[in-house]
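Below is one structure; the comments refer to it alone.
Number of protein chains: 4
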Amino acid sequence: MPSVISIGIAGATGYAGQELLRLAARHPAVRVTTAMASSDTDRVRTLPSLTRVWDGEVIPLSVDRLVAETEAVFMTLPDPVAAEVGPALVARGVRVFDLSGTFRLRDPALRRRWYPATPDLAEPPVYGLTEHYRAALPDARLVACPGCYPTAALLALRPLTDAGLLEGDVIIDAKSGISGAGKKPSERTHFSECHGSVSAYGLFEHRHGAEIEQELERAVTFTPHLVPLDRGILETIYVRVGRAVSETMVASTLAQAYADAPFVRLTGNALPEIKHVTHTNFCDIGWKLDAPSGRLVLVACLDNLIKGAAGVAVQNFNLMHGFPETTALLP
Amino acid sequence: MPSVISIGIAGATGYAGQELLRLAARHPAVRVTTAMASSDTDRVRTLPSLTRVWDGEVIPLSVDRLVAETEAVFMTLPDPVAAEVGPALVARGVRVFDLSGTFRLRDPALRRRWYPATPDLAEPPVYGLTEHYRAALPDARLVACPGCYPTAALLALRPLTDAGLLEGDVIIDAKSGISGAGKKPSERTHFSECHGSVSAYGLFEHRHGAEIEQELERAVTFTPHLVPLDRGILETIYVRVGRAVSETMVASTLAQAYADAPFVRLTGNALPEIKHVTHTNFCDIGWKLDAPSGRLVLVACLDNLIKGAAGVAVQNFNLMHGFPETTALLP
Amino acid sequence: MPSVISIGIAGATGYAGQELLRLAARHPAVRVTTAMASSDTDRVRTLPSLTRVWDGEVIPLSVDRLVAETEAVFMTLPDPVAAEVGPALVARGVRVFDLSGTFRLRDPALRRRWYPATPDLAEPPVYGLTEHYRAALPDARLVACPGCYPTAALLALRPLTDAGLLEGDVIIDAKSGISGAGKKPSERTHFSECHGSVSAYGLFEHRHGAEIEQELERAVTFTPHLVPLDRGILETIYVRVGRAVSETMVASTLAQAYADAPFVRLTGNALPEIKHVTHTNFCDIGWKLDAPSGRLVLVACLDNLIKGAAGVAVQNFNLMHGFPETTALLP
Amino acid sequence: MPSVISIGIAGATGYAGQELLRLAARHPAVRVTTAMASSDTDRVRTLPSLTRVWDGEVIPLSVDRLVAETEAVFMTLPDPVAAEVGPALVARGVRVFDLSGTFRLRDPALRRRWYPATPDLAEPPVYGLTEHYRAALPDARLVACPGCYPTAALLALRPLTDAGLLEGDVIIDAKSGISGAGKKPSERTHFSECHGSVSAYGLFEHRHGAEIEQELERAVTFTPHLVPLDRGILETIYVRVGRAVSETMVASTLAQAYADAPFVRLTGNALPEIKHVTHTNFCDIGWKLDAPSGRLVLVACLDNLIKGAAGVAVQNFNLMHGFPETTALLP
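Chains as they are written, first to last, in our numbering: chain A, -15 to 315; chain B, -15 to 315; chain C, -15 to 315; chain D, -15 to 315.
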């Protein structure tokens, strides 16, 4: 292992890309040799908001330069571009941390439906939900980092489904800040359309729902909403537990699952709120059980650009390269 | 029926009280003779933000003056104060439109739990959900106007439960602007605590849930959230329909129920958003059915200070006094 | 004067256009016969947010149809389009209320610089700052309604410059909500760029500055800022008064100027704030004088879509047609 | 110099106090031994939002314990409390970084007017505007860190007044996020009062103005405004330069003054915006000169809780103890 690892960032001008540059600048064993735009026709540019943090130039996308200059690449590219660049890098010996949805679905049929450009890979990607795939990370060559919505949902639910505590289907009501929709202006993300408003979208449109269902092996109704804030998501999750399940069992199951997880904070009945996790890599999880009805409500929140994107990628990078898991990631 | 009706507003300095003054100023057959604070010890004050709209003085609370000067009183008082003032006014011949929770629950046990100050009344109040209690309003003496949360939920669900289309329990995930918490500063409504954040509160704390359950006769899980905007609520409602129920049946049931309701707008699959209803008396309702699973999701939204407070009170007033339902209420 | 006047709205889908539709629907003597998009190639569309308020169709732009169907037209069109459509309508007998900047500048050289498409007109337009051009409105054929920035500045300053109370130049620091930038998405109006931020723009770029200087006949430094809210502007204005000028003189000069102006509210030392004027046609003006230094600071605010656009147009329409000035305009 | 310095934070539960805890946790040579509330009667409490960052207990205020346990104390206390605690700590050998206004004014008359509780000190405090008082910091015992408003203004103006480039008085129009008003709820900082609004306050009320005038030796008109965001301030500064002064001279004067200042970023004609500095210790400064009129407008912005409070205190601490200036302070 070299003392300093040369990394590349492909898609450096977006919101997640800029977070990656900021986190990389804090990492004592990382040097960003190469930062690239999302296409090979973009102009060279600097990032004024990162002056004094990262003062390099963002150049057009080039697989050849990434191969020549880096050992690992963080990718925040459009799905079809990621589908092409990711395998090319892996084939030429570069490790890849992908933040798009391209490589997240294991089922070929589902993958063809939601990510038609994704090729079949000889070696399957590792799903980068760090807390539940820790053992697979050191040897991974292509890490498919989970999206912000699945991360919050799965961190809250996986220990409970693994322990067999839940019955029936799962309802996830998600509230997301607008940065989750990316940096490209659109009517839906126009300030005057979002300010003072809340709207649901993508009802029963299962792209993220499919990712959650894959990991839970259970039917999920997933409804995302846009709320008028910039960063952060909060999910309110409605499930049902068996008659014999108490709130104490829920609490101890979660506590055991995350005893060694530095970025999962369990808040119990004191429900988490977005303000406490923005600009951090934490995922906060709270819950409350109505014993008579068996209704369990969990609330999970995180910063979509950090724990839901750049932060989890760096967390996976740390585990792969043997650095302490929290390197560059504490607030 | 007199040509101009003298009305009083008790609790005129709060957000709903100011909306009442604004609406009353637009009403061609109403004169606000008396505007009062929430207690009999408050100082006399004016309301600069309403200059040129309503230029009177807000005086201390006094039942005697309300009886002497008004025919109808709109009350936005703390529950225990409303519990005392409301029946006193009715006993002395004044009609009352109450915007607090005091008189909403019919079951004495529930009422004692959530509103311990509320007395037993000889003549039961009319529940002022206009669209479903229209016939009872002309003869009402005390109208218990529903809260903003129950209004959105019940307008979406009552036609479906009445038609027997739903199975199982109901989950209501509500997102509310901060004005719903009133005008009194607190840590929870401090700007810096709310801005950029979302938080759930009152999980399984059934005060509004009880009101919704009373009208639906069905178990309800109700989770309110604070979202960083001032006015407006949006509820995402998760229910299940029977195998034989199609989206068309849902649509036609709602369309029939609200064929003559000027303030309910059905948006179908084009889901409503808060921005479209703020500063109006409309309640917008959309929905989508996932036929294979039987999961029906409804989305309803309204302005908590108008359709959820001042507006519905004026709407009930109009029906009681024989004015067109929309008088003073169109945007 | 006919009992009901047929009007057209050209540019009905933008934020100001929708406010015009809303205000027209409230006006007892107006019927919107014709609502048009901003170009002749736009598709026919409806406006779901105005359902039950105005349920017509927005059709492509057509001068012929406006001439055939209307007596007066409100225009919120791009400058070059307004430059062509406005004179064409006037020439064919239709009165025009223009909300663009096209016809506001009197000086031909300045006009050519800022609005190169504007033709020279045989009959000069009336500058529609109602409170100061009231006498000219009844006979106007083309009313150039002032922009939101000049309206606030001029209502605060014109009485003082007319009375000769001010010395030296004028500094106007303006804070504007994002709806002032229109409905078209752009990076500058993208939610995530505006939320939690403030930025200055257009420093010493004198398009609105020129309009203010025209009416004040005095040098103006005008600096607009975007602040993270939707509607409303607030201007903080720094001037200097002569030694003999007291705060009382300032107050009485303003009070006299606006004694009969229903939409100007003078708040004195109690400085106005945006919240009190949004969704109204009011302009609130406060001030404070530091007598030792002669520094006078005025603060003026208004709703940019109403008093700064749709509202002032309707106010001018009322005066032109002999309706009470406040018709359809009280909150 | 010990390898690890024990520090105390007095006033740890407020917004600036929590930033201090976060920054201290990142500092490799600091250990927070003692975190205290703002009074000696407060209860012991933890800070859930800082779980995993700083997990200690906040205890009641106690000078004795601070003396026993710490070498340096960061104070964010109410002015009268700071006036008592600060000198007591210094007298007993503890170095103090004060974030209140208590010790900022040098003129005894002004100090008595604005901070009547402040005692006369044998050894005058060092004014902690790092970039301009760097030489005095290593030997300081009591550092009066400047407020957020003066910091932005002085970083923009001091080099220009020192170089004699300015003529006449100075106008500072400041826009501040609400966290600047602290954590205590009040009507002015109630969410529903601030959202969607802007308001000016404290016109010609010279507490911060006096601090700025002290450092500039020049008359200042200072007008702060509340804008609806949480963190960050932006100041638009209006001055006049002499006939011989060009924009290039302004630029080179500022560039020379801050050649070695890691936290001042000069943006020239590309005006800075709040979004680029929040959650950082940077102060961004841009400007534009209108040569014909001699009007120079500068725009400066910073994060009020970091560069305007906790960050500058740590920056001063670093210089005093010989650590690199940026330790713990890069984003």
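For glycine and all other residues, C-beta sits at the position ideal for the given N, C-alpha and C. Bear in mind the structure is a predicted one, so any value in this text is a computation, not a measurement.
1. Shorter than 8 Å from the beta carbon of B:T(-3) to some beta carbon of chain A?
2. Terminal residues of the continuous alpha helix (DSSP H) containing A:A56?
3. Three-state secondary structure (DSSP) at D:H174?
4. What are the start and end residues of the alpha helix (DSSP H) that includes C:T298?
5. Report yes if the C-beta distance between A:G1 and A:V16 is below 8 Å; otherwise report no.
6. If I follow the unbroken alpha helix (DSSP H) through C:D63, where does it start and stop?
7. Expressed to the nearest angstrom, what Euclidean distance is found between the alpha-carbon atoms of D:M(-15) and D:L61?
8. Where does the unbroken alpha helix (DSSP H) through D:H116 begin, and where does it stop?
9. Between D:A275 and C:Q198, what straight-line distance do the alpha-carbon atoms span, to the nearest angstrom?
10. For the putative contact between C:R27 and B:R249, defined by C-beta atoms under 8 Å, what is the C-beta separation to the nearest angstrom?
11. Measuring only between beta-carbons, confirm whether C:M(-15) sits less than 8 Å from chain B.
12. Please identify the residue among C:H305, C:L313, C:V204, C:A312 whose C-alpha is closest to the C-alpha of C:R118.
13. Using a C-beta to C-beta distance shorter than 8 Å, which residues of chain B count as neighbours of A:L218?
14. For the segment 185 to 207 of chain B, enumerate the residues whose C-beta is nearer than 8 Å to any C-beta of chain A, in chain order.
15. Can you tell me whether B:A52 is buried or exposed, with buried defined as 16 or more other CB within 10 angstroms of its CB?
16. Using a Cβ-Cβ cut-off of less than 8 Å, list which residues of the segment 274 to 286 of chain B approach chain A; keep chain order.
17. Using a Cβ cut-off of 9 Å, which residues of the segment 110 to 144 of chain A contact any Cβ in chain C, in chain order?
18. Closer than 9 Å by beta-carbon distance: list the chain C residues that pair up with D:P71, in chain order.
19. How would you call A:P108, buried or exposed, if buried means at least 16 neighbouring beta carbons within 10 angstroms?
20. What's the C-alpha gap between D:A293 and D:E68?
21. If the criterion is Cβ atoms closer than 8 Å, does the pair D:P212 and D:H263 meet it?
22. Tell me whether D:E257 sits in a helix, a strand or coil according to DSSP, three-state version.
23. Considering D:P92, what are the terminal residues of the alpha helix (DSSP H) in which it resides?
24. Pick helix, strand or coil for A:A137, following the three-state DSSP scheme.
25. Have a look at C:C285 and C:K272 and give me their C-alpha separation to the nearest angstrom.
26. For B:R279, which beta-bridge partners are listed by DSSP?
27. So which residues on chain A does D:T35 lean against when the C-beta distance must stay under 7 Å?
28. C:A312 to D:T205, Cα distance in whole Å?
29. What first and last residue would you give for the alpha helix (DSSP H) that runs through B:A8?
30. Flag D:R95 as yes if its beta-carbon sits less than 8 Å from any beta-carbon of chain A, otherwise no.
31. Counting only Cβ pairs nearer than 9 Å, list the residues of chain A close to B:E257.
32. Tell me which residues share the same chain as A:A239 and place their Cβ nearer than 7 Å to its Cβ, disregarding the 5 neighbours each side in the sequence.
33. Looking at chain D, is there any beta carbon in it that lies within less than 8 Å of the beta carbon of B:L213?
34. What residues of chain G sit near A:R6, judged by a beta carbon separation below 8 Å?
35. Identify the contact partners of A:T173 in chain C, using a Cβ-Cβ distance below 8 Å as the criterion.
In this structure, then:
1. So, not an interface residue.
2. That residue, A:A56, is in no alpha helix (DSSP H); its beta strand (DSSP E) goes 56 to 59.
3. Three-state result, D:H174: strand.
4. Note that residue 298 of chain C is Val in the sequence shown, not Thr. C:V298 -> alpha helix (DSSP H) spans 295 to 305.
5. One thing to note: A:G1 has its Cβ no nearer than 8 Å to the Cβ of A:V16.
6. Element bounds for C:D63: 63 to 75.
7. For D:M(-15), the predicted structure reports a pLDDT of 48, less than 50, and the residue's modelled location is therefore unreliable. The matter cannot be settled from this model.
8. Annotation: the continuous alpha helix (DSSP H) that includes D:H116 extends over 114 to 117.
9. Computed Cα separation, rounded: 21 Å.
10. That belief does not hold up - the Cβ atoms of C:R27 and B:R249 are roughly 23 Å apart, past 8 Å.
11. Note that C:M(-15) has pLDDT 48, beneath the 50 cutoff, so the model's placement of it is unreliable and no number is given.
12. Selected option, being the one with the closest Cα: C:H305.
13. Result: V182, S183, A184, H209.
14. Listed in sequence order: Y185, L187, F188, A203, T205, T207.
15. Result: exposed.
16. Listed by position, the residues of the segment 274 to 286 of chain B near chain A (Cβ gap below 8 Å) are D274, S277, R279, V281, V283, C285.
17. So nothing in the stretch comes that close.
18. Within 9 Å Cβ-Cβ: nothing; D:P71 doesn't reach chain C, min ~34 Å.
19. Classification for A:P108: exposed.
20. One C-alpha to the other measures close to 20 Å.
21. It is not a contact, given that the beta carbons lie outside the stated cut-off.
22. Judged by DSSP in its simplified three-state form, D:E257 adopts strand.
23. For D:P92, the enclosing alpha helix (DSSP H) begins and ends at 92 to 98.
24. Here A:A137 carries a helix assignment [DSSP, helix/strand/coil].
25. C:C285 and C:K272: Cα-Cα distance of roughly 15 Å.
26. Looking at the DSSP assignment, B:R279 forms a beta bridge with B:R224, B:D274.
27. Per Cβ cutoff of 7 Å: R249.
28. Roughly 41 Å separates the two Cα atoms.
29. Taken as a continuous stretch (DSSP letters only), the alpha helix (DSSP H) holding B:A8 covers -1 to 10.
30. Taking 8 Å as the threshold, the shortest C-beta distance from D:R95 to chain A does not fall below it.
31. For B:E257, the C-beta contacts it makes with chain A under 9 Å involve E177, S181, V182, S183, A184, L210, in order along the chain.
32. For A:A239, where only same-chain residues beyond five positions count, the Cβ hits under 7 Å are L250.
33. Taking a beta-carbon distance threshold of 8 Å, B:L213 counts as an interface residue toward chain D.
34. As a matter of chain content, chain G is missing from the structure shown, whose protein chains are A, B, C and D.
35. Ordered by position in chain C, the residues that pass the 8 Å Cβ test against A:T173 are P169, H174, F175, S176.
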